[in-house]
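Numbering (our numbering), first residue to last: 2 to 394.
In this text, a Cβ means the ideal position worked out from N, Cα and C, and glycines have one as well.
Report on the following structure.
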């Protein structure tokens, strides 16, 4: 790399390329993985986190959205923005209550207190395992009604979530419950996970996992990273003029056609769109392409890059914010609020959704920044789509 003149010491970080996107998108598109498939992906996660913990590092924001897939669809753990060294000569006491609400362990809630790093990550891994198999969150956050029922009456909880006993094994349920226990001392350790009967079961090969990924995500190809980046660049273009909602037909012709032909509506009841960290609005008399076109214009005007799911009406982006460092009151740092926007089907009509729900979910970052973005986007572009008669709580 060429160094610019009059430039001081330069540091370069080279990281592994994971061109196949978030593991979450694959699981969501597949509608959940069979246990042998989930076991292969989960074993990759366990291997990575076992290594990280043995190096004395806690991730503290572990989630499927922070795990990416390489060209062989092998899982790679990423986004170490909230990591902390908890062991060794540079080890620190962990105090910060951080992470993503629906992945955060109970000890991160309530009164601020010291906690252990590995159990926090293991709790998040339990949530991730549930999502891998069932393609939905097990609960909104630790301590809510679903969480308490999962811990006290697991079988009854699964019935309440409308998951038939024929869809999972008792060993899987035991492992998920054990990894998400409120009592840190009773929560499964990494060694207990690796020796657990479910973990020891049969799994598909990495090659089978790769083939399944490309069958589920037909728009992906083994060496299509450059093409994916080209698509993202196209999605990033903003609409040049403001229009009424009936005239919003796409950010540009190519993008509009791509969205309209490839994106499908997920059902409102199949997505935890109203969990903690989310808000939304009911919309009528429009289509997903109209909403995404208006939103893409707003993002373009604010220089915010975004990506769109390959198969559902889902847009992801980061809004930069500044916050205080909770563990060191003398310093501050810049972070960002990660936001996912979905257009979901509430009621089905003859020619598509008759009523839809526009969901904004904060998956990470500052709540104030999230609220500010939603308010700004709604006031500037999206309020025209809202059905005023049925406002969402």
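inquiry  = With DSSP as the reference, identify every bridge partner of residue 268, one or two as the case may be.
reply    = DSSP, once it has assigned bridges, lists 346 as partnering residue 268.
request  = Ignore the nearest five residues each way along the sequence and tell me which others in residue 129's own chain have a CB closer than 6 Å to its CB.
outcome  = If we look at residue 129 and ignore the five residues flanking it on each side, its Cβ neighbours are 65.
key: Rounded separation between residue 62 and residue 351 - CA only   = Those two C-alpha atoms are separated by around 42 Å.
task = With distances taken Cα to Cα, identify the nearest neighbour of residue 167 among 178, 179 and 135.
result = The shortest C-alpha separation from residue 167 is found at 135.
inquiry  = Taking DSSP's pairing of strands, which residues face residue 340 in a bridge?
reply    = Answer by DSSP bridge pairing, in chain order: 318 and 363.
request  = Classify residue 59 as helix, strand or coil using the three-state DSSP reduction.
outcome  = Here residue 59 sits in strand by DSSP.
inquiry  = DSSP three-state label for residue 15, please.
reply    = It is coil, neither helix nor strand.
key: Entirely enclosed alpha helix (DSSP H) segments - the stretch 20-56, minimum 4 residues   = Look at the stretch 20-56 and you find these whole runs of alpha helix (DSSP H), each 4 residues long or longer: 24-31 and 36-55.
task = Grab the span of the beta strand (DSSP E) containing residue 171 for me, first residue to last.
result = From DSSP, residue 171 is part of no beta strand (DSSP E) but of the alpha helix (DSSP H) over 171-180.
request  = Can you give me the start and stop residues for the beta strand (DSSP E) that residue 281 sits inside?
outcome  = Residues 279-284.
query = To the nearest angstrom, how far is it from the Cα of residue 85 to the Cα of residue 52?
reply = In a straight line, the C-alpha of residue 85 is about 15 Å away from that of residue 52.
key: Complete alpha helix (DSSP H) runs within the stretch 48-136 (minimum length 4 residues, chain order)   = With a minimum length of 4 residues, the continuous alpha helix (DSSP H) runs that stay inside the stretch 48-136 are 118-135.
inquiry  = Am I right that residue 422 and residue 68 are in contact with their C-beta atoms under 8 Å? What's the rounded C-beta distance?
reply    = This structure does not reach residue 422, given that the chain is present from 2 up to 394, and the question cannot be answered.
Residue range of the unbroken alpha helix (DSSP H) whose run includes residue 147 = Here the alpha helix (DSSP H) through residue 147 covers 146-153.
query = CA-CA distance, residue 225 and residue 20?
reply = Note on residue 225: pLDDT 43, under 50, position unreliable in the model; the coordinate value appears next. Between the C-alpha atoms of residue 225 and residue 20 there is a straight-line separation of about 8 Å.
message = Quick check on DSSP: helix, strand or coil for residue 206?
response = In the structure shown, the three-state DSSP call for residue 206 is coil.
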